[in-house]
Amino acid sequence: MKPDTVLEDIKSRVDIVDFISGYVQLKKAGQNWKGLCPFHSEKTPSFTVNQAKQIFHCFGCGTGGDIITFVSKHDNLSFHESVNLLAKRAGITITYKKTDKKTLEKNEQIRNAVQEAMNYFIKCLGNSVDAKNYIRQRGLSNDSVSLFRLGYAPAGWHNLLKHLRHAGYTDAIIQEAGLAVAGERGPYDMFRERLMFPITGISGNVTAFGGRAFGTAMPKYLNSPETALFKKSETLFGLHEAKEEIVKNDLVLIVEGYMDVIICHQYGFRHAVAPLGTSLTAGHINRLRTLTKKAVIVFDADQAGIAAAKRALKLICQNDFKARILLLPDKEDPDSYLRKNGSPPFSSLITQSKSMIDFLLTVSKNGKIDTAREALTIIAEVKDLLLADEMLVELSDKTGILEATIRQELKTLRKRPESTKQVLTGKKL
0 MKPDTVLEDI
10 KSRVDIVDFI
20 SGYVQLKKAG
30 QNWKGLCPFH
40 SEKTPSFTVN
50 QAKQIFHCFG
60 CGTGGDIITF
70 VSKHDNLSFH
80 ESVNLLAKRA
90 GITITYKKTD
100 KKTLEKNEQI
110 RNAVQEAMNY
120 FIKCLGNSVD
130 AKNYIRQRGL
140 SNDSVSLFRL
150 GYAPAGWHNL
160 LKHLRHAGYT
170 DAIIQEAGLA
180 VAGERGPYDM
190 FRERLMFPIT
200 GISGNVTAFG
210 GRAFGTAMPK
220 YLNSPETALF
230 KKSETLFGLH
240 EAKEEIVKND
250 LVLIVEGYMD
260 VIICHQYGFR
270 HAVAPLGTSL
280 TAGHINRLRT
290 LTKKAVIVFD
300 ADQAGIAAAK
310 RALKLICQND
320 FKARILLLPD
330 KEDPDSYLRK
340 NGSPPFSSLI
350 TQSKSMIDFL
360 LTVSKNGKID
370 TAREALTIIA
380 EVKDLLLADE
390 MLVELSDKTG
400 ILEATIRQEL
410 KTLRKRPEST
420 KQVLTGKKL
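When you line the sequence shown up against numbering that gives the first Met the number 0, it's residues 0 to 428, in that order.
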């Protein structure tokens with residue numbers, strides 16, 4: 000199909016409400032659908048989708064257009080890349096001019112190389128007794144292996160490289176896809192003798208990989224480097240698989256690692272996602288906030304876990320998320336806890352998770368006054384005044400400090416420079 004006719008055909012085959020619902024939690028409002036705008040921060044939904052006209056518009060920031068505009072802006076793609084992505088979804092073949100092909104060729108080759116690598120890893124898993132034994136030892140079901148498209152990178156330096164070369168990919172494309180590393184004697188495989196976890200975007204297309212070493216090899220987990228397709232600080236493992244449950248529950252469960260996510264899904268907690276071996280970032284929150292603004296974040300109960308939770312609180316508050324903190328029993332993570340105890344006890348832990356104020360009061364080793372000041376530095380980051388007020392009242396109730404005193408202290412704190420806020424309790428949060 001030629002480009003001049005493909006746009007109309009895409010719009011007739013891909014419903015804009017169905018498509019945008021994969022990115023934004025939409026609710027029916029008269030003849031339209033409404034939700035929180037994914038392009039700017041807002042508390043009241045002003046993002047509207049008109050199904051009859053197949054267009055969207057945000058009355059808050061003014062962004063609007065059709066489904067192609069949405070994909071281009073949301074996924075930071077060029078016009079041609081967006082059309083190509085939507086055409087594939089609609090089952091449409093496009094005939095491009097040579098100039099168009101040049102702009103698409105490189106990224107398309109990288110996408111195809113990563114997809115080919117995933118298929119190769121899946122095939123290798125089926126042929127590896129050791130890898131399949133490891134999966135059984137970790138308690139993964141066949142359904143979980145299939146859902147998350149797990150694979151295996153065999154031992155050796157050039158297995159994937161040879162496979163991709165044979166499939167027609169150049170060494171330059173293979174390296175730019177993050178699948179091979181340049182060495183003194185030429186490129187070699189990035190992943191060797193590892194259980195492979197495909198990392199996908201919210202649409203489900205594989206963009207990168209995480210590899211878990213067998214035995215004592217280091218590093219235990221290895222992620223693809225950032226590429227034209229993959230930005231670690233904006234990607235959450237399991238988001239594609241979890242997005243419908245997140246919208247359904249209006250809640251996301253944020254855990255730490257690949258295995259935690261997979262086991263959570265296996266035991267019925269299908270709204271679980273995880274950052275990729277890094278702390279929670281604004282990019283992660285931005286990916287989630289179009290689906291929900293409520294989270295339960297799971298941390299280890301050791302000092303490192305408590306410190307990580309405190310760092311996350313500031314980011315959560317800056318983005319007007321309403322989060323609860325779940326500290327697991329000593330030396331447990333969701334993976335180990337669920338396999339030992341099953342779903343009901345884990346569900347109870349989620350129900351008993353602590354509010355941000357409760358968490359700070361529970362883990363603090365300081366006195367009541369210093370702990371209250373620490374909590375106020377968190378509340379000061381909240382832009383949603385109603386949410387901040389709710390937290391302030393809770394802080395007063397649970398510390399016994401007069402609400403008027405806390406309100407005055409918060410007002411004073413908000414006027415102080417950022418550096419003063421950070422060291423208010425003698426240490427950075």
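C-beta: ideal position from N, C-alpha, C; glycine also. Please read these numbers as outputs of a predicted model, since none were measured by experiment.
Listed in chain order, the non-local C-beta contacts of residue 250 below 8 Å within the same chain comprise 270, 291, 293, 294 and 295, local neighbours out to five positions each way being set aside. Setting aside the 5 residues that flank it on each side, residue 22 is surrounded in the same chain by 37, 73, 201 and 289, each with a C-beta closer than 7 Å to its C-beta; the list follows chain order. Around the Cβ of residue 260, a 10 Å sphere holds 16 or more other Cβ atoms; the residue is buried.
Here residue 380 is near residue 313, since their CB atoms are less than 7 Å apart. Sequence-distant Cβ neighbours of residue 81 in its own chain, meaning closer than 6 Å and more than five residues away, are 67, 70 and 71. Between the beta-carbon of residue 198 and that of residue 208 there is about 6 Å, and that keeps the pair under the 8 Å contact cut. In terms of Cβ geometry, residue 46 and residue 64 do not form a close pair [threshold 7 Å]. By the Cβ neighbour-count rule, residue 355 is buried, with 16 or more other Cβ atoms within 10 Å of its own. Here DSSP, grouped into helix, strand and coil, assigns residue 206 to strand.
If only complete runs of 4 or more residues are kept, the stretch 159-231 shows the alpha helix (DSSP H) at 170-175, in order along the chain. In the three-state reduction of the DSSP assignment, residue 298 falls in the strand class, which pools E and B. Taken atom to atom, the span from the alpha-carbon of residue 42 to that of residue 58 is near 13 Å. When rounded, the separation of the alpha-carbon atoms in residue 272 and residue 31 is 30 Å.
Note that the C-beta distance between residue 110 and residue 152 is not below 7 Å. If you check the CB distance, residue 177 and residue 224 come in under 7 Å. Your pair residue 226 and residue 175 checks out as a contact, with CB atoms roughly 6 Å apart and the cut at 8 Å. Shortest Cα-Cα distance from residue 10 to any of 44, 25 and 84 involves 84. Cβ atoms of residue 188 and residue 156 come within 8 Å of each other, at about 6 Å. Note on residue 401: under 16 other CB atoms within 10 angstroms of its CB, so exposed under the neighbour-count rule. Across the structure, residue 215 and residue 147 are spaced so that their CA atoms are roughly 24 Å apart. Counting C-beta atoms within 10 angstroms of its own C-beta, residue 162 has 16 or more neighbours from the protein chains shown and is therefore classed as buried.
The shortest C-alpha to C-alpha distance from residue 350 to any of 334, 339 and 323 is the one to 323. For residue 340, the enclosing alpha helix (DSSP H) begins and ends at 333-340.
Under DSSP, residue 274 forms a beta bridge with 235.
Annotated as proximal: residue 258 and residue 334, with beta-carbon spacing under 7 Å. Within the same chain, Cβ atoms closer than 7 Å to the Cβ of residue 231 are found at 222, 225, 275 and 277, the five residues on either side in sequence being excluded. For residue 322, there is no enclosing alpha helix (DSSP H); the enclosing beta strand (DSSP E) has its first and last residue at 321-326.
With contacts defined as CB atoms closer than 7 Å, residue 279 and residue 297 fail to qualify as a contacting pair.
Ranked by Cα distance from residue 239, the options 172, 204, 28 and 196 are led by 204.
Distance check between residue 247 and each of 263, 16, 13 and 20 places 20 closest, using alpha-carbon atoms only.
Within the DSSP secondary-structure output, residue 150 pairs in a beta bridge with 195. Here residue 167 is actually not in contact with residue 121; their C-beta atoms are around 20 Å apart, not less than 8 Å. DSSP places residue 125 in the helix class (H, G or I) of the three-state scheme. Contact annotation, residue 359 with residue 412: C-beta distance approximately 15 Å; criterion of less than 8 Å not satisfied. As the crow flies, the alpha-carbon of residue 90 is around 27 Å from that of residue 165. Leaving aside the five residues that flank residue 341 on each side, the residues in its chain whose CB is nearer than 8 Å to its CB run, in chain order, 266.
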